[in-house]
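All remarks here apply to the structure that follows.
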Amino acid sequence: MIGVYGGTFNPVHYGHLRTALEVKELFDLQQLRLIPCRLPPHRQQPDVDGEMRLGMLELAIAETPGVQTDRRELDRQGASYMVDTLQSLRAENPDAGLILFIGVDAFAGLESWHRWRHLFDYAHVVVMTRPACEMPELSEFLRQRLTEDRGRLHQRTAGCLFFQAVTALDISATAIRELIKAGRNPQFLLPDAVIAYIRRHHLYLSSN
Numbered sequence: 000m001i002g003v004y005g006g007t008f009n010p011v012h013y014g015h016l017r018t019a020l021e022v023k024e025l026f027d028l029q030q031l032r033l034i035p036c037r038l039p040p041h042r043q044q045p046d047v048d049g050e051m052r053l054g055m056l057e058l059a060i061a062e063t064p065g066v067q068t069d070r071r072e073l074d075r076q077g078a079s080y081m082v083d084t085l086q087s088l089r090a091e092n093p094d095a096g097l098i099l100f101i102g103v104d105a106f107a108g109l110e111s112w113h114r115w116r117h118l119f120d121y122a123h124v125v126v127m128t129r130p131a132c133e134m135p136e137l138s139e140f141l142r143q144r145l146t147e148d149r150g151r152l153h154q155r156t157a158g159c160l161f162f163q164a165v166t167a168l169d170i171s172a173t174a175i176r177e178l179i180k181a182g183r184n185p186q187f188l189l190p191d192a193v194i195a196y197i198r199r200h201h202l203y204l205s206s207n
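For the sequence shown, counting from 1, position 132 maps to 131 in numbering that gives the first Met the number 0; every step adds exactly one.
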């Protein structure tokens, strides 16, 4: 079973990393791929280029077995549509179970994603929720795919929708960037190796 966790990771922080580790263990993944987005379709272009965001990710997970980076969206031209990413992963791993992990806020806008229904052709979708988070209202398409049995995700390679509560760390990449821009110390919000990289490259000191 292969997990997919995408985002801008601008910069990667402990909120990303803690949930990544939890879902890897909860879903007994052989590997979890962190995939930095090159050109996000639904938000502003990151002010730090993809290679640097990838570099920070690699530093952050260097000592975490089974968690790895995947640069396919950085190498693909145009908007970074997740459905294209999953299609390419499926072509490389035709018999493996795939799970796309997304946050509950992203899930709220899922039906605006490019070819969103086809996500389920290539992978299961697991929504990472906060404890005591209310279940969002689901369309008929999504209700038909919903399961409360985590084991079903191992019985099929794709097609299920599952909600999983994870530890809620209220850490924001936007807030981290603002801290750095203001000359404040972001320690304990993200790994020290990532902070050192940010300082070495003078990142987030001003807006583009």
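Ideal Cβ positions, reconstructed from N, Cα and C, are used throughout, including at glycine.
Given the structure is predicted, the values throughout are model-derived calculations rather than measurements.
Provide the residue(s) that pair with residue i in DSSP beta bridges, ordered along the chain.
i      : result
Gln30  : Ile1
Gln67  : Arg32
Phe100 : Tyr4, Val125
Gln186 : Leu189
Give every residue of the same chain whose Cβ lies closer than 6 Å to the Cβ of residue i, excluding the five residues on either side of it in the sequence, and list them in chain order.
i      : result
Ala164 : Thr128, Pro130
Arg37  : Gly49, Glu72, Leu73, Ser79
Gly96  : Met0, Thr156
For residue i, which residues of its own chain have a beta-carbon under 8 Å away from its beta-carbon, when the five flanking residues on both sides are left out?
i      : result
Pro35  : Gly5, Gly6, Thr7, Phe8, Gly49, Arg52, Leu53, Leu56, Thr68, Arg70, Glu72, Leu73
Asn207 : Any answer about Asn207 is weak, because its pLDDT of 45 lies below 50 and its placement is not dependable; what the coordinates show is given next. Closer than 8 Å at the Cβ level, and outside the excluded window around Asn207, lie Asp46.
In the DSSP assignment, the beta strand (DSSP E) including residue i goes from what residue to what residue?
i      : result
Ala164 : 160-164
Between the Cα of residue i and the Cα atoms of the options, which residue gives the shortest distance?
i      : options                      : result
Gln143 : Gln86, Val124, Leu58, Gly150 : Val124
Arg199 : Ile179, Phe187, Leu188       : Ile179
Arg151 : Asp27, Pro10, Phe140, His12  : Asp27
Pro190 : Ala122, Ala61, Glu139        : Ala61
Val47  : Pro40, Ala172, Glu133        : Ala172
Leu20  : Gln43, Met134, Val66, Ile175 : Val66
Ser111 : Pro93, Ile175, Asp94, His41  : His41
Return the chain-ordered list of same chain residues with a C-beta closer than 7 Å to the C-beta of residue i, the five sequence neighbours on each side being excluded.
i      : result
Ala170 : A small fix is needed here, since residue 170 is Ile in this sequence, not Ala. If we look at Ile170 and ignore the five residues flanking it on each side, its Cβ neighbours are His12, Tyr13, Gly14, Leu188.
Ala122 : Val3, Leu85, Leu97, Ile98, Leu99, Ala157
Ala167 : Arg129, Pro130
Tyr196 : Gly54, Met55, Leu58
Val193 : Pro10, Val11, Met55, Leu58, Ala59
Leu118 : Met81, Val82, Leu85, Leu99, Val124
Alpha helix (DSSP H) containing residue i: first to last residue?
i      : result
Glu62  : Looking at the DSSP string, Glu62 is not in any alpha helix (DSSP H), and its letter there is neither H nor E.
His200 : Here His200 belongs to no alpha helix (DSSP H), and DSSP marks it neither H nor E.
Gln86  : 81-91
Ile179 : 172-180
His15  : 13-25
Runs of beta strand (DSSP E) wholly within the region 104-157 (minimum 3 residues, chain order): 123-128
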